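Number of protein chains: 2
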Amino acid sequence: MTAFADRLLAATDAHGPLCVGIDPHAGRIPDLFGGDTPDGLENWGLAMVEAAAGRAGVIKPQSAFFERHGWQGMRALTRILEAAREAGLIVLMDAKRGDIGSTAEGYVSAFLAQDAPFPCDALTINPYMGLDTIEPHVAAAEANGKGVIVLARTSNPGSADFQSRNLEGAPLFERVVEALGPAMGRLKGESGWSGLMLVTGATGPDEARRLRMLAPDALFLVPGYGAQGAGASEALAGFQQRGNRLTGGVVSASRSVSFPPEALNADSLDDWRTAVTAAINAAQADLFSAAGG
Amino acid sequence: MTAFADRLLAATDAHGPLCVGIDPHAGRIPDLFGGDTPDGLENWGLAMVEAAAGRAGVIKPQSAFFERHGWQGMRALTRILEAAREAGLIVLMDAKRGDIGSTAEGYVSAFLAQDAPFPCDALTINPYMGLDTIEPHVAAAEANGKGVIVLARTSNPGSADFQSRNLEGAPLFERVVEALGPAMGRLKGESGWSGLMLVTGATGPDEARRLRMLAPDALFLVPGYGAQGAGASEALAGFQQRGNRLTGGVVSASRSVSFPPEALNADSLDDWRTAVTAAINAAQADLFSAAGG
Chain A
940 MTAFADRLLA ATDAHGPLCV GIDPHAGRIP DLFGGDTPDG LENWGLAMVE
990 AAAGRAGVIK PQSAFFERHG WQGMRALTRI LEAAREAGLI VLMDAKRGDI
1040 GSTAEGYVSA FLAQDAPFPC DALTINPYMG LDTIEPHVAA AEANGKGVIV
1090 LARTSNPGSA DFQSRNLEGA PLFERVVEAL GPAMGRLKGE SGWSGLMLVT
1140 GATGPDEARR LRMLAPDALF LVPGYGAQGA GASEALAGFQ QRGNRLTGGV
1190 VSASRSVSFP PEALNADSLD DWRTAVTAAI NAAQADLFSA AGG
Chain B
940 MTAFADRLLA ATDAHGPLCV GIDPHAGRIP DLFGGDTPDG LENWGLAMVE
990 AAAGRAGVIK PQSAFFERHG WQGMRALTRI LEAAREAGLI VLMDAKRGDI
1040 GSTAEGYVSA FLAQDAPFPC DALTINPYMG LDTIEPHVAA AEANGKGVIV
1090 LARTSNPGSA DFQSRNLEGA PLFERVVEAL GPAMGRLKGE SGWSGLMLVT
1140 GATGPDEARR LRMLAPDALF LVPGYGAQGA GASEALAGFQ QRGNRLTGGV
1190 VSASRSVSFP PEALNADSLD DWRTAVTAAI NAAQADLFSA AGG
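Chains as they are written, first to last, in our numbering: chain A, 940 to 1232; chain B, 940 to 1232.
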């Protein structure tokens, strides 16, 4: 069994650091897919998987946008996850779950178990409730070759409210990362990188560099590139020079690659595909170039 | 439109402070309902709603245990939520969501909007990402007569890892509660209580008393009573004397009321119902008596 970290590295080595967000925002699903309905989400998501395959190694569906449509939305999500797996894409499930032991086991069964109904390669987790709430995910990831992505320093302004405040001598988000040290070791692959990933917003490059010092082996998931305002060099602030380029995680883009203006108004699937694949290729090239190609 | 806080108070005044957890743990759904399958969850959950109605005013389904069964589990959850609404029960949806603005709006649409596909009266929220991630929920609750339940000090040992540590002079969970002051004011009902509820584990009565001083009007959701080890007086530590009894929130019990030993091995629906209703009545009486009722 190949460790998740090594699979992620192979995917980004092959395609570049872009992670394509699958975020079906209300009002943005083109009519040609069926609009903002469960079927529209499914058709659009399957087309996004097809557009991403071969151009990016990693996708990140956002659960909230599917939950909007209730169980039918979750059924659409399931079919998109299955298609992504068949296409060989690595799936980072962005659901930001977190709960106590027996309940955490429920989320593990849903997302990280071998036969999980929502099949994915890694799951985002909120650390507020403490290490015992993260442990079931780490144990499952260790057993099943999966990853765990813990929120550290997020990309929104509200990250200043608690995450960046001083907890006994260091920002809370650094305390979270410190506490995750043993888990990082357990999910380390042959590449030396760990599948205990950290979320470090692209809007906080200084914090990302600081986290890289604290957690030299953790892969980063960097949101906030593109529509949220950060450029490629800020997004890669926490990456490391290895060989001839910067590496150490993925940079996610959602609106900028899935809803470019030409795609929103596309009259045909061909036009839509042309617009979206161009946006994916452009983001990948932008990041690849900033990483030193 | 009656404020959520006032509706919750009316329900606990009528029935007592018990909140019945709807937590379909793996391996605990009796065969007579269909066992650990989506249909089993649905049949069991509908029977729990029927058993709770008239004996408790409030239920709390745990999303994780339904997500285990994928979209079919979420369909079962939906039908249970609809049955609870028809039965006049107040539903606290325990999903511990939390994400940035546009994504938070997705969760609002799923749970707190007027036409939400997962209909409920309040939703549990994780505060780690900051106030801007909580705001969409508060705004929706204000507009729709719903509640928002923010994790403060949870009932698990891991609450010591971050929540109880010193953030600039006070425990993190107190800083969270301080920051929620304006939101508490916005969700205040005619009763004077606020529908911005706080999760304060029954295993931390001292912390609950401290939180009551910091947030005198916030209704509390107290988990950890029963199977997690805390007794009625500990669970009510953060409640306040008003009139001739303690009031100020709900105390949730799950395993002790939904899986009493006699129910697990019940041969018939009648036997199961007898065991579960007796357990609900016993917990309600225990809490009612400790509250001075």
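In this text, a Cβ means the ideal position worked out from N, Cα and C, and glycines have one as well.
What you are looking at is a predicted structure, and each value in this text was computed from that prediction instead of being measured.
Residues V997, K999, V1189, S1191 of the same chain have their beta carbon placed closer than 6 Å to that of C958 (chain A), with the five preceding and five following residues left out of the count. Not a single C-beta of chain A is nearer than 8 Å to the C-beta of R1181 (chain B). The straight-line gap separating the alpha-carbon atoms of T1216 (chain B) and G974 (chain B) is approximately 20 Å.
Contact of G1069 (chain A) with chain B by beta-carbon distance below 8 Å involves T1093, N1095, P1096, G1097, S1098, A1099, D1100, F1101, Q1102. Close partners of N1065 (chain B) in chain A (Cβ separation under 7 Å): G1037, N1065, Y1067. A buried status is given to N1095 (chain B), since no fewer than 16 other beta-carbon atoms sit within 10 Å of its beta-carbon. Of B:G1140, B:D1156, B:A1202, B:P1155, the smallest CA-CA separation from S1172 (chain B) is found for B:G1140.
The three-state secondary structure of Y1046 (chain A), taken from DSSP, is helix. Contact with chain A is absent for G1124 (chain B), since none of that chain's Cβ atoms lies less than 8 Å from the residue's Cβ. Setting aside the 5 residues that flank it on each side, A1052 (chain A) is surrounded in the same chain by A1079, N1083, each with a C-beta closer than 8 Å to its C-beta; the list follows chain order. Excluding five sequence positions before and after S1002 (chain B), the CB atoms of its chain that fall closer than 6 Å to its own CB belong to A1034, given in chain order. Looking at the DSSP output, Q1179 (chain A) shares a beta bridge with A:T1186. The beta-carbon of F1057 (chain B) is placed less than 8 Å from the nearest beta-carbon of chain A. Beta bridge pairing from DSSP links L1135 (chain B) with B:V1087. Within the same chain, S1195, V1196, P1199 come within 7 Å of A1218 (chain B) by CB-CB distance, once the 5 residues on both sides are set aside. Within the region 963 to 991 of chain B, the residues whose Cβ lies closer than 8 Å to any Cβ of chain A are, in chain order, H964, A965. Assigned with DSSP and collapsed to three states, T1063 (chain B) falls in strand.
Under the rule that a run must span 3 or more residues, the beta strand (DSSP E) segments found entirely inside the region 1074 to 1120 of chain B read 1086 to 1092.
Closest option to Q1180 (chain B), judged by alpha-carbon separation, among B:A1202, B:A1169, B:D1071, B:R1151: B:R1151. For A1147 (chain B), the number of other beta carbons within 10 angstroms of its own is at least 16, and it is reported as buried. Within the same chain, Cβ atoms closer than 6 Å to the Cβ of R1114 (chain B) are found at L1106, the five residues on either side in sequence being excluded. In this structure, B:V1116 is the residue among B:R1184, B:I1039, B:H954, B:V1116 with its C-alpha nearest to the C-alpha of R1149 (chain B).
With respect to chain A, the C-beta atom of G960 (chain B) has no partner C-beta closer than 8 Å. Distance between A1174 (chain A) and V1161 (chain A), taken at the CA atoms: about 6 Å.
A direct Cα-to-Cα measurement between T941 (chain B) and A953 (chain B) gives close to 16 Å. Bounds of the beta strand (DSSP E) holding I998 (chain B) are 997 to 1000. Taking 8 Å as the cut-off, the beta carbon of I961 (chain B) is found no closer than this to the beta carbon of I1029 (chain B).
Shown here for E1044 (chain B): same chain residues with a beta carbon closer than 7 Å to its own, the five before and five after excluded, namely P1075 in chain order. In this structure, R1024 (chain A) places its C-beta atom within 8 Å of the C-beta atom of P1058 (chain A).
Cα atoms of A1169 (chain B) and S1228 (chain B): separation of roughly 16 Å, rounded to the nearest angstrom.
Nearest neighbour of F1004 (chain A) by Cα position, chosen from A:G966, A:A991, A:V1087, A:G1027, turns out to be A:G966. A residue is called buried once 16 or more other Cβ atoms fall within 10 Å of its Cβ, and P1121 (chain A), having fewer, is exposed.
When secondary structure is reduced to three states using DSSP, M1013 (chain A) falls in the helix class.
Inclusion of L1126 (chain A) and V1077 (chain A) in the CB contact set at 8 Å is warranted, their separation being smaller than that value.
Identification of chain A residues near M1136 (chain B) by a Cβ-Cβ cut-off of 7 Å yields none; the smallest Cβ-Cβ distance measures about 16 Å. Listed along chain A is no residue with a C-beta nearer than 9 Å to that of L957 (chain B); the closest approach is about 19 Å.
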